[in-house]
Amino acid sequence: MILISKYLVPRGYTGLTVFPFVFLKSKCLKNNVVLMNHEKIHLRQQLEMLVVPFYLMYAIEFLVRLFQYKTWDLAYRNISFEREAYANEFHSDYLRRRPFWAFLKYLFVDGR
Numbered sequence: 003m004i005l006i007s008k009y010l011v012p013r014g015y016t017g018l019t020v021f022p023f024v025f026l027k028s029k030c031l032k033n034n035v036v037l038m039n040h041e042k043i044h045l046r047q048q049l050e051m052l053v054v055p056f057y058l059m060y061a062i063e064f065l066v067r068l069f070q071y072k073t074w075d076l077a078y079r080n081i082s083f084e085r086e087a088y089a090n091e092f093h094s095d096y097l098r099r100r101p102f103w104a105f106l107k108y109l110f111v112d113g114r
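Start counting the sequence shown at 3; every next residue gets the next number (the working numbering).
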């Protein structure tokens, strides 16, 4: 389900996925195919990890990456879940062929 809220999406971001919802900053973003594919990849990740463990791993990995890279943006962009989503957001067929727990492929790769 897609919800529009400029207040729930953090500054500097256009979308946020909290299973089963996708929050977008503005209504026109619903038509952004790349952004919607990115957020759908996050929905799949959350579902296959049974939601709560996804958020725990996301937070822990973010803290590890923040220690590793020293900046918020680099830490965020190097979380395995984000690496997978950014690497495949332009591939509209990705979710049809995506293997289970595909984010693991991005876990130990240095993404600077």
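Glycine residues also receive a C-beta, built at the ideal position from the N, C-alpha and C atoms.
Query	Result
DSSP state of I81 mapped onto helix, strand, coil	coil
Whole-Å CB distance - R79 paired with Y88, under 8 Å assumed	7 Å
Range of the contiguous beta strand (DSSP E) that encloses L68	No beta strand (DSSP E) contains L68, which is instead part of the alpha helix (DSSP H) from V54 to Y71.
Contact under 8 Å by Cβ, P12 with L18	yes
Same chain, Cβ closer than 8 Å to A104, five either side skipped, listed in chain order	E86
Bridge-paired residues (DSSP) for V20	F23
Sub-8 Å separation of T16 and L49 beta-carbons	no
Of the residues P101, W74, I62 and F110, the one placed nearest G14, counting alpha carbons only	W74
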